[in-house]
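Protein sequence lines, in the order shown, are assigned to chains A and B.
Going by this note's numbering, the first residue of the first sequence is number 4, and it counts up by one from there.
Going by this note's numbering, the first residue of the second sequence is number 4, and it counts up by one from there.
Here a beta-carbon is modelled for each residue, glycine too, at the ideal position from N, C-alpha and C.
Since the structure is predicted, the reported quantities are computational estimates derived from the model, not experimental observations.
Okay, so here's the structure we're looking at.
2 protein chains.
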Amino acid sequence: MEKNKIKLPECSLHEIHHDTVMRVGESLPADETTYDLSDFFKLLGDSTRLRILFAIDREPLCVCDIAETLSMTKSAVSHQLKVLRQSDLVRYRREGKNVIYSLADDHVRDIIEKALEHINE
Amino acid sequence: MEKNKIKLPECSLHEIHHDTVMRVGESLPADETTYDLSDFFKLLGDSTRLRILFAIDREPLCVCDIAETLSMTKSAVSHQLKVLRQSDLVRYRREGKNVIYSLADDHVRDIIEKALEHINE
DNA sequence: TTAATAGTTGAACGGTTGTTCAACTGTTTG
DNA sequence: CAAACAGTTGAACAACCGTTCAACTATTAA
């Protein structure tokens, strides 16, 4: 059973480790940077969004064609496109009844390329 | 109200679009590749895991020091380290009572670097 | 062996998130 | 105008996921 005791920060009595903690702590990126970074990776961390990005990377596509290419409903695709729009990962323009989506950025292509190299060892 | 009717795949009657869908569909990466890729990005899509990676990128650290650096419990850190271990993103070795974690891969550093460039416009 | 420290683990809880459903807006055509 | 097609949206639901908690293992020192 757990004893009733005040919980001190662990390792707090180890002077050597404490220096390490200080040194490493100061060299970490700002919290906001880390959050922005993880938010960005979260966008790519969904297979549906990745497949959308792959598809419109080949050529600009309307929502309808993306949906059919991926065997998904327009609604599901549209929800994801909204997320990608709000993060400026895709561009869009209206053409008559259609809304055409395309990749907004070359960086994203590069990052995906690098990641593909990684998972292929 | 919704009408009762058979739902056909949308855009199915548009021959021009159908060609597009065929062409793009064939050029997409294999499903398994996409899943592996999204799984990889999922790993980076969490600020805790990113901060762990940043920390042990500076220098190899024991779990205790990581926990204190990030102001988290050892348990929470250990759970995330397990995920990173299972994905071969970190290495570890035991040193007496401590288990020292370090970055396993240079690719990851590169990808994070690229992503940082991206979010900084 | 016992106590203390370091680390791991499984279950559970709560928040997040992707898809579905139904309804809506916007555009073109008859 | 109305009908048809393209796309968007909010609510709801289920599945997923990160942290906490309590207990456990492992190593070292007394």
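query                                                                                                       : result
Chain A contacts made by the region 65–86 of chain B, where a contact means CB separation under 7 angstroms : C67, D68, A70, E71, T72, K77
Alpha-carbon spacing of R88 (chain A) relative to L47 (chain A), whole angstroms                            : 13 angstroms
CB contact check: S41 (chain B) to chain A, cutoff 8 angstroms                                              : yes
According to DSSP, residues forming a beta bridge with S105 (chain A)                                       : A:R94
CA-to-CA distance, D68 (chain B) to I122 (chain B), given in whole angstroms                                : 29 angstroms
In DSSP terms, what L64 (chain B) is bridged to                                                             : B:Y104
Chain-ordered residues of the region 25–54 of chain B with a beta carbon less than 7 angstroms from chain A : V27, G28, S30, L31, P32, T37, Y38, D39, L40, S41, F43, F44, K45, L47, G48, D49, S50, L53, R54
Rounded C-alpha distance that separates R52 (chain B) from V102 (chain A)                                   : 37 angstroms
Residue range of the alpha helix (DSSP H) that includes E124 (chain B)                                      : Where E124 (chain B) is concerned, there is no enclosing alpha helix (DSSP H), given that its DSSP letter is neither H nor E.
Within chain A, the residues that A58 (chain B) reaches when beta carbons sit closer than 7 angstroms       : V27, L31
Alpha-carbon spacing of K77 (chain A) relative to E71 (chain A), whole angstroms                            : 8 angstroms
Boundaries (first-last residue) of the alpha helix (DSSP H) holding S81 (chain A)                           : 77–89
Contact list for I103 (chain A) against chain B, beta-carbon separation under 7 angstroms                   : Here the premise fails: no neighbours, minimum Cβ distance about 11 angstroms.
Whole-angstrom distance between E120 (chain B) and P63 (chain B), CA atom to CA atom                        : 25 angstroms
Min CB distance G106 (chain B) to chain A below 8 angstroms                                                 : Going by the sequence as given, residue 106 (chain B) is Leu instead of Gly. No, L106 (chain B) does not count as interfacial toward chain A.
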